[in-house]
Amino acid sequence: MSKKAEIQKIWRECFPGDSVAWRRMFFDAVYVDDEALTITDPESEAIVSSLLLLSYSMTFQGRTLGLGYIYGAATRRKFRARGFMSRLLRRALREASDRGDTFAALIPASPSLSRYYGRFGFSTVFYSRPERYTAVHRFAVSGDYVDVDPADPRLYEAFERMMAARPCCVQHSRAQFLTLMDDARLSDYGFAAVARRDSGEIAAMVWAAPELASTTLSVRELLADSNDAANAALTALQRQLPDRPLTLLCRAEDSVAGGNLVGRGMARVVNAESALRAVAENNPQARLTVRLTDPILPENDGVYTIADGTLTVDNRPGPYDLDLTPEVLTAMLFSSDAIASVTGLPARRPHMSLMLN
Numbered sequence: 001m002s003k004k005a006e007i008q009k010i011w012r013e014c015f016p017g018d019s020v021a022w023r024r025m026f027f028d029a030v031y032v033d034d035e036a037l038t039i040t041d042p043e044s045e046a047i048v049s050s051l052l053l054l055s056y057s058m059t060f061q062g063r064t065l066g067l068g069y070i071y072g073a074a075t076r077r078k079f080r081a082r083g084f085m086s087r088l089l090r091r092a093l094r095e096a097s098d099r100g101d102t103f104a105a106l107i108p109a110s111p112s113l114s115r116y117y118g119r120f121g122f123s124t125v126f127y128s129r130p131e132r133y134t135a136v137h138r139f140a141v142s143g144d145y146v147d148v149d150p151a152d153p154r155l156y157e158a159f160e161r162m163m164a165a166r167p168c169c170v171q172h173s174r175a176q177f178l179t180l181m182d183d184a185r186l187s188d189y190g191f192a193a194v195a196r197r198d199s200g201e202i203a204a205m206v207w208a209a210p211e212l213a214s215t216t217l218s219v220r221e222l223l224a225d226s227n228d229a230a231n232a233a234l235t236a237l238q239r240q241l242p243d244r245p246l247t248l249l250c251r252a253e254d255s256v257a258g259g260n261l262v263g264r265g266m267a268r269v270v271n272a273e274s275a276l277r278a279v280a281e282n283n284p285q286a287r288l289t290v291r292l293t294d295p296i297l298p299e300n301d302g303v304y305t306i307a308d309g310t311l312t313v314d315n316r317p318g319p320y321d322l323d324l325t326p327e328v329l330t331a332m333l334f335s336s337d338a339i340a341s342v343t344g345l346p347a348r349r350p351h352m353s354l355m356l357n
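Letter 157 of the sequence shown, counting from 1, is numbered 157 in my numbering, and no numbers are missing.
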């Protein structure tokens, strides 16, 4: 049996909610043997635990850096509690670092798994701010817009333009965009896009999924070049799926007050020098010394000095401005303006959406 076929067997056992059509789409369009990490049972010689380390990119401190997305982590039931997944996660962090990624990210399936991933240096840094609207709410639109077909080939260019404008955001390649569109179609998600009638320019798009055991639609992403275009896309979504309450999972931004933040995903620095060099070069006014101790990726160990737009890495003795673990460093890099003003380490809230999860 091939590696791919054995992993498909694990998925059928561990992710029974995935439809046959969805699994076929994923393993035909997304799966790559080189991105799959596995552990084999020595007795049966069968793969019993696996995860995928998918390649993404992320805008961060004026750069576009590599990000490894850990997805589909699963172990067959009879082989659980033997440390297999812990070994795979360590290997995934090593693989992400070796292939040149700066960060790794994942979406835990439960709060208990968040605590588990925290043992490997992951921090919850991706948040959303829910905005709730009743089924009778109407979004005011002043412009003239037309609906865009989901198969319109111009959609990705508009999507890429609006996503790239976000300063700290996980990006999607064209292939990843096509996959998320297939995901939306096969999962019965709502999707709407609108263009300005006069110019034909695509101005907004929105994805929504029904919440579990509820009539409420959860808006997973709303991209628009203006508030009016955003309202037009939401109106188009309401026409498609009428009489449904909406919860918008808005980006967590320091400039927007009100509402509780809800955790959506975790990240970890896997190449500290790459991350802190981007910080130094994008913030020439910053001056501080950080000592990092990384028990899983010891090449990250060292003293990082940020000054005058440059980064120096050595092992100089203290004192240090900050003495950190990877978990805390990641949390600080992706924190709020208020926290950054206290620590002295420039930071920005990140955004991640439309991931396979």
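From the three backbone atoms N, C-alpha and C, an ideal C-beta is built for every residue, glycine too.
Quantities reported herein were computed from a predicted structural model and do not represent experimental measurements.
Endpoints, beta strand (DSSP E) assigned at residue i
i	result
proline 130	123-133
threonine 64	63-75
threonine 289	288-292
threonine 215	Unbroken run through threonine 215: none, as it is neither H nor E.
isoleucine 39	36-40
leucine 54	47-60
valine 279	Segment 272-282 is the alpha helix (DSSP H) holding valine 279; no beta strand (DSSP E) there.
arginine 239	Taken as a continuous stretch (DSSP letters only), arginine 239 belongs to no beta strand (DSSP E), being part of the alpha helix (DSSP H) at 227-240.
valine 32	Valine 32 -> no beta strand (DSSP E), and no H or E assigned at all.
alanine 195	190-196
methionine 266	262-269
Any non-hydrogen atom of the ligand GTP within 8 Å of residue i CB
i	result
aspartate 308	This structure lacks the ligand GTP, and indeed carries no ligand of any kind.
Cβ pair residue i, residue j closer than 9 Å
i	j	result
alanine 195	alanine 184	no
glycine 72	aspartate 101	no
alanine 307	leucine 345	no
serine 49	threonine 38	yes
glycine 121	glutamate 327	yes
leucine 51	leucine 93	no
leucine 324	arginine 291	yes
alanine 109	isoleucine 70	no
alanine 209	arginine 197	no
threonine 179	methionine 25	yes
leucine 234	leucine 246	yes
valine 269	tyrosine 127	no
glycine 118	alanine 96	no
asparagine 357	isoleucine 107	yes
Where the alpha helix (DSSP H) through residue i begins and ends
i	result
valine 20	20-29
alanine 252	Per DSSP, alanine 252 belongs to no alpha helix (DSSP H) and is neither H nor E.
alanine 5	3-14
Neighbour-count burial assignment, residue i, 16 or more Cβ in a 10 Å radius
i	result
proline 432	Beyond the ends of the chain as shown, which are 1 and 357, falls residue 432; an answer cannot be given.
alanine 267	buried
glutamate 244	Reading off the sequence shown, one finds arginine at residue 244, where the question assumed glutamate. By the 10 Å Cβ count, arginine 244 comes out buried.
leucine 248	buried
proline 298	exposed
proline 42	exposed
valine 125	buried
alanine 81	exposed
phenylalanine 15	exposed
asparagine 260	exposed
proline 190	In the sequence as presented, proline is not what sits at residue 190; that position holds glycine. Buried.
serine 57	buried
threonine 75	buried
C-beta neighbour in chain C for residue i, strict 9 Å
i	result
alanine 204	No chain C appears in the structure shown, which is made up of a single protein chain.
Every unbroken beta strand (DSSP E) within the segment 305-337, with a cutoff of 3 residues, ordered by chain: Qualifying beta strand (DSSP E) stretches, in chain order: 310-314, 322-324.
Entirely within the segment 94-174 and at least 3 residues each: give me those beta strand (DSSP E) ranges in chain order. 103-106, 123-133, 145-147, 169-171
Does the count of Cβ pairs from the segment 131-141 and the segment 229-238 closer than 8 Å reach three? yes
Could you tell me whether the segment 335-349 touches the segment 277-293, using the rule of 3 or more Cβ pairs below 8 Å? yes
Across the segment 141-152 and the segment 20-30, are there enough close Cβ pairs to call them in contact, namely three or more that are closer than 8 Å? no
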